[in-house]
Amino acid sequence: MFKIILKNTLLCICLILLPVTVFADVTAFQEGGIEQTKAQAVTLLQQNKVAEAYELYKRLFRIAPDDEEISLGLARSAGLNKQPHQALMVYEQLLEKYPTDTALNLEIAQIYKSLGDEENAKIHFRIAAKQNSKKNAEQTAEEKSPFTIKGSLKTGFVYDTNANQGPNSNTVTLGNWNVDLDNAQHIPSAGGYFGANLDMGYPLKQGAHSWWLVGDLNYYTRLYKNTSLGKIDSRHWQWGRASTGIRYLDSQNFLDLRIKSEVVDYEFLKSILSFGPELTYLRAIKPNFHLITRADIEHRDNSSGRERNGTYGSAGQYARFLFGEKNHDLIIGAKYSGGKTEDATYSYDGWESMARFTFKLPYNFALSPSISYGEDYYHKPATALDKNKRQDEVIKAGLGLTYDINERWSVETSYQYTHNTSNSDIYRYRQHLTSVGISWSF
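Below, the structure is given as structure tokens:
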């Protein structure tokens, strides 16, 4: 009986902690901040606030130099802000991809003309004159492919000092009893991981107020080498997610509302399936200060037992600060989470506070320290074995280091320490998780 309780408890803990891990990897906050700042820069340019638009586009270009929309905005704002040489450099990069584009050739010809280079100006005027299209660069790109898609693949090695999230010993104290549990003690193991994600978008309406149809697909799997983990169904686990929804974007607001479905599988035999809505809202108080709200609610169905089935949810508020020429990133905030299950034993309420810092270092390095603290309060009444209602306290500290080889390839290393304290021995554990891998983005 205790073995079953331990097994299911560990499974539940993994699922509860999983969104935190995924949230750190996917960086939805950063994506929302970039999209919102792009919209703000477009609005400033439309309002003829050229100097402010130019400064925003310079910051965006440092973050995403391969984004063609940002490059075009930088080129135009640089030209209008009397920075013709920078405008020329960016226009030339765009013309390498679209050498016959009418709008690009007309605009670069005007820049050459302002510099007194009549010969190059005439060359680009001639190219533009041969083209039938009168569309600008964004319209041309949109007609070629209004559907946007991006994603990444990652793989690497991992070492986990507590792969089964077990206590220090197979013997635990429950009430006045010392109980021996098979395979409960923590088991260290090396292993490997693989992950893939795909983000998709289709514009329903573009301009100062944009609407998008969006979706994502995500997959992550980890396989541990230690065969002892197979006895407790923890050697191999995988996670998958699919979502679709609507995104709204203007110069100060970013709203993303989706319906998601997620599944966690252990050894391909047991699974937890969840389904429900999620919301992300970002409000730009200033270009370098954002307030972010995240919330979700879902129903979970556990194939190994109905007692954990029920409704789970969370709601959090965060603040994001950008500073420095390289846009160093600080996110701080807190969230509430809870679950109401068919068996009240597993119902709980909890909260978590967190902070994450991303430093953009020289030579394409980025350093990301993070820390979080949370508490969970379970509704299970006290018994002879558990004299008090279960309460858990979770402390996490992490450090990530990323090196961008180029705009597509990067090397990623990370370390995370987890300390789970509980008033019940069976749920106490410590874990050190280290990983190193490579990522390819497209």
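Under mature numbering (1 follows the signal peptide of the UniProt record, and there is no 0), read the sequence shown as residues -24 to -1, 1 to 418, first letter to last. Note that beta-carbon positions come from the ideal geometry of N, C-alpha and C, so glycine has one too.
Whole-angstrom Cβ separation of residue i and residue j, contact assumed at under 8 Å?
| i | j | result |
| --- | --- | --- |
| Lys126 | Phe418 | 6 Å |
| Gln407 | Asp226 | So it is not a contact: roughly 43 Å between Cβ atoms. |
| Ile87 | Ala63 | 5 Å |
| Val134 | Gly168 | 7 Å |
| Lys34 | Leu20 | Going by Cβ atoms, the distance from Lys34 to Leu20 rounds to 13 Å, so no, they are not a contact pair. |
| Tyr379 | Arg366 | Incorrect: roughly 42 Å between the Cβ atoms, too far for contact. |
For residue i, which of helix, strand or coil comes out of DSSP?
| i | result |
| --- | --- |
| Ala139 | coil |
| Gln86 | helix |
| Thr124 | strand |
| Ala271 | strand |
| Ala91 | A quick correction: the sequence has Leu, not Ala, at residue 91. In this structure, Leu91 counts as coil in the three-state DSSP scheme. |
| Ser400 | coil |
| Tyr339 | coil |
| Lys130 | strand |
| His212 | strand |
| Arg366 | coil |
| Gly168 | strand |
| Gly281 | coil |
| Ile163 | coil |
| Tyr74 | coil |
| Pro179 | strand |
| Gly300 | coil |
| Pro60 | helix |
| Ile381 | coil |
| Gln407 | strand |
| Phe333 | strand |
| Ala54 | helix |
| Phe230 | strand |
| residue 452 | The chain is shown only over -24 to 418; residue 452 falls outside these bounds and no answer can be derived. |
| Gln392 | strand |
With distances taken Cα to Cα, identify the nearest neighbour of residue i among the options.
| i | options | result |
| --- | --- | --- |
| Pro253 | Gly168, Arg384 and Ser290 | Ser290 |
| Arg198 | Gln214, Arg366 and Pro60 | Gln214 |
| Ala331 | Glu301, Phe123, Gln22 and Lys372 | Lys372 |
| Glu31 | Leu409, Phe335, His100 and Glu301 | Glu301 |
| Asp43 | Glu11, Asp272 and Thr397 | Glu11 |
| Tyr405 | Thr76, Phe123 and Thr394 | Thr394 |
| Asp325 | Ile103, Glu369, Gln23 and Gly142 | Glu369 |
| Leu267 | Gln182, Leu298 and Gln367 | Leu298 |
| Gln69 | Leu56, Pro143 and Phe37 | Phe37 |
| Asp319 | Asn144, Glu351 and Arg282 | Arg282 |
| residue 419 | Glu72, Asp272, Asn264 and Glu351 | Given that the chain is displayed from residue -24 to residue 418, the structure contains no residue 419 and the question cannot be resolved. |
| Leu82 | Ala260, Phe230, Lys181 and His100 | His100 |
| Thr321 | Glu45, Lys356, Asp77 and Asn144 | Lys356 |
| Ile103 | Pro75, Lys262, Glu351 and Thr317 | Pro75 |
| Asn144 | Ile402, Glu95, Glu94 and Ile261 | Ile402 |
| Lys262 | Asn229, Asp277 and Asp272 | Asn229 |
Excluding five sequence neighbours on each side, which residues of the same chain lie with their C-beta closer than 7 Å to the C-beta of residue i?
| i | result |
| --- | --- |
| Phe251 | Ser237, Glu274 and His275 |
| Trp416 | Ser128, Leu129, Arg384 and Trp385 |
| Phe335 | His304, Ala342 and Leu343 |
| Gly142 | Ala160, Gln161, His162, Ile163 and Tyr405 |
| Asn57 | Val26, Ala27 and Tyr30 |
| Asp241 | Trp213, Gln214 and Ser247 |
| Ile235 | Ser219, Thr220, Gly221 and Pro253 |
Looking only at its chain, what residues have a beta carbon closer than 6 Å to the beta carbon of residue i, apart from the 5 residues adjacent to it on each side?
| i | result |
| --- | --- |
| Ala15 | Leu225, Asp226 and Ser227 |
| Arg270 | Thr256 and Gly292 |
| Leu377 | Leu343 and Thr389 |
| Val2 | Any reading at Val2 must be qualified, since the residue scores a pLDDT of 36, below 50, and its modelled position is unreliable; the value itself is stated next. There are no such residues. |
| Ser329 | Ala310 and Tyr349 |
| Leu233 | Gly221, Ile222 and Leu255 |
| Val239 | Gly216, Ser247 and Leu249 |
| Asp192 | Asp175 and Ser219 |
| Gly171 | Lys130 and Tyr196 |
| Ser186 | Leu225 |
| Gly374 | Ser346 and Gln392 |
| Thr124 | Gly177 |
Residue i and residue j: beta carbons closer than 7 Å?
| i | j | result |
| --- | --- | --- |
| Tyr339 | Trp327 | no |
| Ser279 | Ser323 | no |
| Ala40 | Ala29 | no |
| Gly286 | Gly315 | yes |
| Ser47 | Val66 | yes |
| Asn399 | Asn364 | yes |
| residue 428 | Val412 | The displayed coordinates of the chain run from -24 to 418. Any statement about residue 428 would go beyond what the structure contains. |
| Ile307 | Tyr294 | yes |
| Arg284 | Thr317 | yes |
CB-CB under 8 Å to residue i, same chain, minus the five flanking residues each way: which ones, in chain order?
| i | result |
| --- | --- |
| Pro60 | Ala54, Ile87, Ser90 and Leu91 |
| Ile381 | Asn340 and Val387 |
| Pro122 | Tyr178 and Pro179 |
| Leu71 | Asp77, Leu80, Asn81 and Ile84 |
How about residue i: is its C-beta nearer than 7 Å to some C-beta of chain C?
| i | result |
| --- | --- |
| Gly142 | Absent from the structure is chain C; it holds one protein chain and no more. |
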